[in-house]
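*Asks:* Residue numbers (our numbering): 79 to 373.
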Amino acid sequence: MTERPDRRRGLWIGYALLSGFGLIAITGSVLTLTRPPSPWIALASTAAALALIGAIGVTYILRGLQSARYYLDRNGLTVTWWPAVHVIPIHTIQELRHGPTTPRAIRSWRGLRWPGLYVGHAWAVEENRPVLFFATEDLPRQLWVITEVVIYAISPVNPEKFMEAAAQRMALGPTQRLQQTTIFPKWRQRAIWEDRNAWALIALAGLVLWGMWLWICVQLPRLPSAVRLEGSSGALFSPAIHLTRLPLLGALTWIIHAGLGSLLHEQERVAAYGLWLVGLLVQILLFGALIQIVR
């Protein structure tokens, strides 16, 4: 028996959000590429970057929502919500019942909710165990699959029919005993996804790079058309617009170091951290050089 939740409302809202983020990202990118740096371009490029991050996040969520399904047989319940597959053996299910009627039944919510989407995790107060949400309905219209260690919140189209089918299969008994587990694809099993220090280094280098870009956007309109370069036998001057090459060099360095470090992380963690640290140092040096030139 395979059930799919009603995904229409959640997908429509998700596509609307994706369209909005995409429009902001494209508009901001076009302005950034076609206009000289200025405070307004700093605002436009920041909006474009944030919108791009939002679009990537919404795309990830929509991919999971599109894949959502619940498969029930005599051996257990399998909840598919990309990129994970959750296997719940039939003998571990203690109870199936409707979700609580009040939001106070859960606390410490972490996840994402919009009409037609309810995905994340929280703590069930009464049951005193975690709840994993893979649903498209609010709490009262969910079906809670309660096991000894965790609760799975799902939303089949007809909860009553689903509970009846589960009761029939539980009465028949399993033909084989499954193991309660969560299965991820190989790319999702990589250690880098759980390495907070790695992400902190990558993010810190990115923030320094972005600070350098915002700084040049604010300072460039105040500069003369040519800036004096120190440290030469004679006075050398360069067009001020050429200063934007430093953030561009920083961006190229950040992309290369972040990408290579991510590839090396699984097998050569020390080398990966070395790349990220060098990448951070390069951003700091470029920012310092930019400030020194403008002085």
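The C-beta atom is built at its ideal place from N, Cα and C for all residues, glycine as well.
Please list the terminal residues of the continuous beta strand (DSSP E) segment that includes Pro167.
*Replies:* The residue given as residue 167 occupies position 89 in the sequence shown. Pro167 -> beta strand (DSSP E) spans Ala162 to Pro167.
*Asks:* From Val108 to Ala120, what does the alpha carbon distance come to, in whole angstroms?
*Replies:* As a working note, residue 108 is residue 30 in the sequence shown. As a working note, residue 120 is residue 42 in the sequence shown. Straight-line Cα distance between these residues: approximately 13 Å.
*Asks:* Just the Cα atoms here: how many angstroms apart are Arg185 and Gln172?
*Replies:* Taking the first residue of the sequence shown as 1, we reach residue 185 at position 107. Taking the first residue of the sequence shown as 1, we reach residue 172 at position 94. Cα-Cα distance, rounded: 22 Å.
*Asks:* Are the beta-carbon atoms of Ala244 and Leu155 separated by less than 9 Å?
*Replies:* If you number the sequence shown from 1, residue 244 lands on position 166. If you number the sequence shown from 1, residue 155 lands on position 77. Cβ atoms of Ala244 and Leu155: closer than 9 Å.
*Asks:* Please give the ranges of any alpha helix (DSSP H) in the region 224-271, keeping only runs that are unbroken, at least 4 residues long and fully inside the region.
*Replies:* As far as the region 224-271 is concerned, its whole alpha helix (DSSP H) runs of at least 4 residues are 237-250.
*Asks:* Throw me the rounded Cβ distance for the Val203 and Ala183 pair, which I believe falls under 8 Å.
*Replies:* By 1-based counting over the sequence shown, the position of residue 203 is 125. By 1-based counting over the sequence shown, the position of residue 183 is 105. With a Cβ gap of about 6 Å, Val203 and Ala183 count as contacting.
*Asks:* Nearest to Ala129 by CA position, among Val136, Gly194, Phe99 and Ile371, is which residue?
*Replies:* One-based indexing of the sequence shown puts residue 129 at position 51. Considering only alpha carbons, the answer is Phe99.
*Asks:* Would you grab the beta carbon distance between Leu359 and Ala349 for me? Rounded to a whole angstrom, and I think it's under 8 Å.
*Replies:* For this step, residue 359 is matched to residue 281 along the sequence shown. For this step, residue 349 is matched to residue 271 along the sequence shown. Contact flag wrong, Cβ pair sits at about 16 Å.
*Asks:* Determine the direct distance from the alpha carbon of Ala133 to that of Ile369, and round the result to whole angstroms.
*Replies:* Residue mapping note: residue 369 aligns to position 291 of the sequence shown, counting from 1. Residue mapping note: residue 133 aligns to position 55 of the sequence shown, counting from 1. Cα-Cα distance, rounded: 33 Å.
*Asks:* Give the secondary structure of Gly177 by DSSP, where H, G and I count as helix, E and B as strand, and everything else as coil.
*Replies:* As a first step, residue 177 is located in the sequence shown; it is residue number 99 there, counting from the start. The answer is coil: DSSP assigns Gly177 none of H, G, I, E or B.
*Asks:* Would you call Ile294 buried or exposed, if buried means 16 or more other Cβ atoms sit within 10 Å of its Cβ?
*Replies:* Translated into the one-based positions of the sequence shown, residue 294 becomes position 216. Per the 10 Å Cβ criterion, buried.
*Asks:* I'd like the span of the alpha helix (DSSP H) that includes Pro299, first residue to last.
*Replies:* The residue you call residue 299 lines up with position 221 of the sequence shown. Careful: Pro299 lies outside any alpha helix (DSSP H) and carries neither H nor E.
*Asks:* With 16 other CB atoms within 10 Å as the buried threshold, where does Trp265 fall?
*Replies:* For the purposes of this step, residue 265 is taken as residue 187 along the sequence shown, with counting starting at 1. It counts as exposed.
*Asks:* How about the region 174-182 and the region 273-282: do they share at least three Cβ pairs that are nearer than 8 Å?
*Replies:* Output reads no: the region 273-282 does not touch the region 174-182.
*Asks:* DSSP on Pro317, reduced to helix/strand/coil?
*Replies:* In the sequence shown, counting from the first residue as 1, residue 317 sits at position 239. The answer is strand: DSSP assigns Pro317 an E or B state.
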